[in-house]
Amino acid sequence: MTVLENILSEGRLVGSNAYIRGGHRCICFTEAPIGEVVSLFRLAELAAEGGLRPKYEPFGVAVTKEWLFAQGGRPVIYQPDAEYEVLPEPIRYRHVRYDPIAGIDFTWEREWRICADERRLEPKNTLVVVPSSAEAFDLMYTHADWQADYDREGNPENAYPQPDWMAVSLDFFGLER
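In our numbering, each residue's number is its place in the sequence shown (first place is 1) plus 1.
Right, dumping it as structure tokens:
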């Protein structure tokens, strides 16, 4: 959960040029249905068990499509590599290789990208997605400001957490990894 902890502590997403042709730095998202996210998490576990660094972590942040679009996010363009040069330079960051004859088809990712070094996240517009309710509980209480009620004399009592981030677990939806 180290990557997710960094995202939440810093309140930002950082762009990368991994898997992106042309060296563009992008922040990548998926609009895969929630049921498919379980499959992504399971693939990450299998890769880790095999000693590989998975492309996906079993955690994520969800944002609204309106927020994503307002930040410059756009859906990628799935096309053959030969068509990359046909794209105008300002949108080449959206290119993703697509060649079903050669078995290269990432359309299931339903990817969106923001071409940027970083974007700030606002807790009110962000939902953290984790595999289990225990992880959601831990995350919400780890990243919380503690508040207190006060008695008539002004003494603090009944401390309670005010979470910075809202979290949801896949097991809440009956989805197991």
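Just so you know, even glycine gets a beta-carbon here, dropped at the ideal spot from N, CA and C.
| request: Going by CA-CA distance only, name the one from Gly104, Trp109, Cys29 that's closest to Leu14. | output: Cys29
| request: Could you spell out the range, first to last residue, of the beta strand (DSSP E) harbouring Ile78? | output: Note, Ile78: beta strand (DSSP E), 78-80.
| task | Could you name each continuous alpha helix (DSSP H) segment of 4 residues or more that falls completely within the region 66-121, going from the start of the chain to the end? | result | 66-71
| query | Rounded to a whole number of angstroms, what is the C-alpha to C-alpha distance between Phe42 and Gln80? | reply | 26 angstroms
| said: Considering only DSSP beta bridges, list what Ile28 is partnered with. | reply: Ile115
| Where Val97 and Glu110 are concerned, what is the direct C-alpha to C-alpha distance, given to the nearest angstrom? | 11 angstroms
| said: Taking only three categories from DSSP, how would you classify Tyr142? | reply: In the structure shown, Tyr142 sits in a helix (DSSP, three-state: H, G or I).
| message | Please classify Pro89 as buried or exposed, where buried requires at least 16 other C-beta atoms within 10 Å of its C-beta. | response | Classification for Pro89: exposed.
| message | Taking the alpha helix (DSSP H) that Ala168 belongs to, which residues open and close that run? | response | In this chain, Ala168 is not harboured by any alpha helix (DSSP H); it is covered by the beta strand (DSSP E) spanning 167-170.
| task | Please go through the same chain and pick out, in chain order, the residues whose beta-carbon is closer than 6 angstroms to the beta-carbon of Tyr142, but skip the five residues on each side of it. | result | Pro162
| said: Need the endpoints of the alpha helix (DSSP H) that Ala228 sits in, please. | reply: Nothing about residue 228 can be reported from this structure: the residues present for the chain run from 2 to 178 only.
| message | So, under 8 angstroms CB-CB, Arg114 and Gly74 are touching, yes? Tell me the CB distance rounded to an integer number of Å. | response | 7 angstroms
| field | Cβ-Cβ separation, Arg22 to Tyr85 (assumed contact under 8 angstroms), whole Å | value | 6 angstroms
| message | Rounding to the nearest angstrom, what Cα-Cα distance links Ala49 and Pro132 in this structure? | response | 16 angstroms
| query | So, helix, strand or coil for Arg22, using DSSP? | reply | In this structure, Arg22 counts as helix in the three-state DSSP scheme.
| How many whole angstroms separate the CB atoms of Asp165 and Ala145, which I take to be in contact at a CB cut-off of 8 angstroms? | 6 angstroms
| query | So, is the C-beta of Val39 closer than 9 angstroms to a C-beta in chain D? | reply | No chain D appears in the structure shown, which is made up of a single protein chain.
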